[in-house]
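Student: One structure is given below, represented as structure tokens, and several questions about it will come after.
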């Protein structure tokens, strides 16, 4: 009897812990929706998303976030262009080519890279990369979308490398053997068989990397220059959605229009990362089959 | 005429000898079957013939193997594997369609390029592997969706498509039911018209059914090699007799 009660209690505790994550996400989403919708009702969704001007404190205030959406997308796209090819090739090197000693060292360093706080990456980028970009490209300022993309690529790389590496390593040895026995070279085997079989996992890795980049705040705030205008090239300062929320939340009046506008930005971000993660999950599920 | 000639071959895994000073030959257009209990070195021998063993870093070897008087250890590995195809115990279709599975290797090796050439190669290979009638209407479905026996014959077709000289079979029927086994054996016997075949098998009866000659390996050594008919009727060695009559192994 007593054992049965203990069993039931433990079961309930475990269930509670399991359900907690869902509760938290739902609460956060609900809160974002509540504040966001209150804002949309007053200002309108179209003029919010497609509006080019962001003057939250002038009168009448302007809350157009198009420049920030463009800024976020530009920095993210730039980071992907850098991080995806390097990340996948690094994963291939680690799982297929590197001798065992090199592989272990590389793996632990890449995992260590994931542990560097983003503010440190931002700081290092600000004092080293930003002046370098300015002198090399002869720009008025080195605080550009380009600099932000480079630093964010550093942050996406560990995710992309570790998850792709798992996917590549789980390609059965027999596939490679089958291809090699048919006279394929090592490179042909990697390109046509290994990459193909690991592709769903690699796409998931890229998506998770993108998710990390889109949501990143501290490093981009320190490096991208935070100018709320639509950039005409990657060598201009941009402002991302995340940086806007972080920079302005302290200056708002609780419950005011500006305050709610920031929540509405949060809602847009949430939807973007949700979609990215959803796609990643889709592919991860596929690679397990 | 000898297709393959092995002289004083010894193989090691991590310094431990698994195959000891082996001298053996494979005659052109014969089926040489190799029997023996586990750890007798038969699979190591087979995987040395197309240098698949070289992929294992703890593997090393001494001695020479000649393919048509050419030392295979001096040959380009990819070229060797084009001439010496291999079929594994587990059928492993590559993760693509039936059609692509077969044209994969010929395309890589530059043997075919035009669509009609590829169609011809696929049809011929599947016919030679006696699989054509079963799959001709679904060449574009995945190779993984076939049954085990069909997958194994697809793998045979895949090897035939690169037109090798020698085919190595590594226990090709160990995962198959008796009917599929009979079909694979049937195609092996047809194949020896054109190819030279080395078959490693754990199934002594299979060796007696398809082998022209049979070699018995034990503990890394060749105990006896003879015409299959002779060996199964009157083996010279006591150990051979014990093994084929099922007294051990």
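Protein chains in written order, with our numbering: chain E, 1 to 289; chain R, 290 to 538. Using N, Cα and C, we set each Cβ at its ideal position, and we do this for glycine too.
#1: What residues in the region 355-371 of chain R bring their beta carbon closer than 9 angstroms to a beta carbon of chain E?
#2: Taking the beta carbon of residue 459 of chain R as the centre, do at least 16 other beta carbons fall within 10 Å, making it buried, or is it exposed?
#3: For residue 375 of chain R and chain E, any beta-carbon pair shorter than 7 angstroms?
#4: Under 6 angstroms: does the beta carbon of residue 228 of chain E sit that close to some heavy atom of the ligand SAH?
#5: Residue 236 of chain E and residue 159 of chain E: beta carbons closer than 7 angstroms?
#6: Under 9 angstroms Cβ-Cβ, which residues of chain E neighbour residue 414 of chain R?
#7: Classify residue 175 of chain E: buried if its beta carbon has 16 or more other beta carbons within 10 angstroms, exposed otherwise.
#8: Could you tell me if residue 440 of chain R is buried or exposed, where buried requires 16 or more neighbouring beta carbons within 10 angstroms of its beta carbon?
#9: Unbroken alpha helix (DSSP H) runs of length 4 or more, entirely within the region 389-428 of chain R: which are they?
#10: Which one of R/450, R/417, R/418 and R/335 has the shortest CA to CA distance from residue 400 of chain R?
#11: Going by beta carbon distance, what residues of the same chain come within less than 7 angstroms of residue 333 of chain R, once the five residues before and after it are set aside?
#12: I want to see whether chain E comes within less than 7 angstroms of residue 398 of chain R, judged by CB atoms only; does it?
#13: Which two residues bound the contiguous beta strand (DSSP E) that contains residue 526 of chain R?
#14: At the level of alpha carbons, what is the spacing between residue 155 of chain E and residue 48 of chain E?
#15: Would you call residue 346 of chain R buried or exposed, if buried means 16 or more other Cβ atoms sit within 10 Å of its Cβ?
#16: In the region 448-474 of chain R, which residues sit with their C-beta less than 8 angstroms from some C-beta in chain E, listed in chain order?
#17: Using the rule of at least 16 other Cβ atoms within 10 Å of the residue's Cβ for burial, across every protein chain shown, is residue 397 of chain R buried or exposed?
#18: Would you say residue 391 of chain R reaches chain E, if we count a Cβ-Cβ gap shorter than 7 angstroms as a contact?
#19: Under DSSP, the alpha helix (DSSP H) around residue 375 of chain R begins and ends at which residues?
#20: Pair every Cβ in the region 127-141 of chain E with every Cβ in the region 61-71 of chain E, then say whether three or more of these pairs are closer than 8 angstroms.
#21: For residue 417 of chain R, count neighbouring Cβ atoms within 10 angstroms of its own Cβ and tell me buried if that reaches 16, exposed if not.
#22: Can you list, in chain order, the residues of the region 336-357 of chain R whose Cβ is nearer than 8 angstroms to any Cβ on chain E?
#23: Can you check whether the C-beta of residue 240 of chain E is within less than 7 angstroms of a C-beta belonging to chain R?
#24: Could you check where the beta strand (DSSP E) with residue 350 of chain R kicks off and where it finishes?
#25: Helix, strand or coil for residue 431 of chain R? Go by DSSP, reduced to three states.
#26: Keeping to the same chain, check which residues put their C-beta closer than 6 angstroms to that of residue 415 of chain R; ignore five residues upstream and five downstream.
#27: Just tell me which of R/293, R/443 and R/485 has its CA closest to the CA of residue 432 of chain R.
#28: Using a Cβ-Cβ distance cut-off of 7 angstroms, determine whether residue 174 of chain E contacts chain R.
#29: I'd like the list of long-range same chain contacts for residue 390 of chain R, defined as Cβ closer than 7 angstroms, with 5 residues on each side in sequence excluded.
#30: Which residues does DSSP list as the beta-bridge partners of residue 299 of chain R?
#31: Quick check on residue 339 of chain R: buried or exposed, where buried means 16 or more other Cβ atoms within 10 Å of its Cβ?
#32: Where residue 203 of chain E and residue 186 of chain E are concerned, what is the direct C-alpha to C-alpha distance, given to the nearest angstrom?
#33: Would you call the region 508-518 of chain R and the region 344-359 of chain R touching, i.e. three or more CB-CB distances under 8 angstroms?
#34: Is the beta carbon of residue 214 of chain E closer than 7 angstroms to that of residue 272 of chain E?
#35: Check for me: the beta strand (DSSP E) holding residue 502 of chain R runs from which residue to which?
#36: List the endpoints of the continuous alpha helix (DSSP H) containing residue 300 of chain E.
Tutor: Once the coordinates are examined:
#1: Cβ contacts with chain E: 366, 367, 368, 369, 370 and 371.
#2: Residue 459 of chain R comes out buried.
#3: It does: the Cβ of residue 375 of chain R has a partner Cβ on chain E nearer than 7 angstroms.
#4: This structure lacks the ligand SAH; in fact it carries no ligand of any kind.
#5: Their beta carbons are not under 7 angstroms apart, which means residue 236 of chain E does not touch residue 159 of chain E by this criterion.
#6: Residues of chain E passing the Cβ test: none, with the nearest at roughly 12 angstroms.
#7: Label assigned to residue 175 of chain E: buried.
#8: Buried: at least 16 other Cβ atoms inside 10 Å.
#9: For the region 389-428 of chain R, whole alpha helix (DSSP H) runs of length 4 or above, ordered along the chain, are 404-417 and 421-424.
#10: Relative to the Cα of residue 400 of chain R, the nearest Cα in the group R/450, R/417, R/418 and R/335 belongs to R/450.
#11: Within the same chain, 300, 307, 308 and 342 come within 7 angstroms of residue 333 of chain R by CB-CB distance, once the 5 residues on both sides are set aside.
#12: Yes, residue 398 of chain R counts as interfacial toward chain E.
#13: That residue, residue 526 of chain R, is in no beta strand (DSSP E); it is neither H nor E in DSSP.
#14: Cα to Cα, residue 155 of chain E sits roughly 30 angstroms from residue 48 of chain E.
#15: Residue 346 of chain R comes out exposed.
#16: Hits within the stretch, in order: 448 and 451.
#17: When all chains shown are included, residue 397 of chain R counts as buried.
#18: Closer than 7 angstroms: no.
#19: For residue 375 of chain R, no alpha helix (DSSP H) run applies; the uninterrupted beta strand (DSSP E) run containing it begins and ends at 373-376, by DSSP.
#20: With a cut-off of 8 angstroms on Cβ pairs, the region 127-141 of chain E is not in contact with the region 61-71 of chain E, counting fewer than three such pairs.
#21: Taking all protein chains in view, the Cβ of residue 417 of chain R is crowded by 16 or more other Cβ atoms within 10 Å, so the residue is classified as buried.
#22: Going along the region 336-357 of chain R in chain order, one finds 339, 341 and 344 with a Cβ nearer than 8 angstroms to chain E.
#23: For residue 240 of chain E, the answer is no, since every Cβ of chain R falls outside 7 angstroms of its Cβ.
#24: Looking at the DSSP string, the run of the beta strand (DSSP E) that includes residue 350 of chain R is 348-356.
#25: If DSSP states are grouped into helix, strand and coil, residue 431 of chain R belongs with the strands.
#26: Cβ neighbours of residue 415 of chain R beyond the five flanking positions: 421 and 446.
#27: Nearest C-alpha to residue 432 of chain R: R/443.
#28: Taking Cβ atoms only, chain R reaches closer than 7 angstroms to residue 174 of chain E, which makes this a yes.
#29: Counting only Cβ-Cβ distances below 7 angstroms, and skipping sequence neighbours, we find 382, 383, 432, 443 and 447.
#30: Note: residue 299 of chain R sits in a beta bridge opposite R/351.
#31: Buried.
#32: Approximately 23 angstroms, taken between the alpha carbons.
#33: Because the criterion of three Cβ pairs below 8 angstroms is not met, the region 508-518 of chain R and the region 344-359 of chain R do not touch.
#34: Going by C-beta atoms, residue 272 of chain E is nearer than 7 angstroms to residue 214 of chain E.
#35: The continuous beta strand (DSSP E) containing residue 502 of chain R extends over residues 502-507.
#36: The structure shown does not extend to residue 300 of chain E, since chain E is modelled only from 1 to 289, so the question has no answer here.
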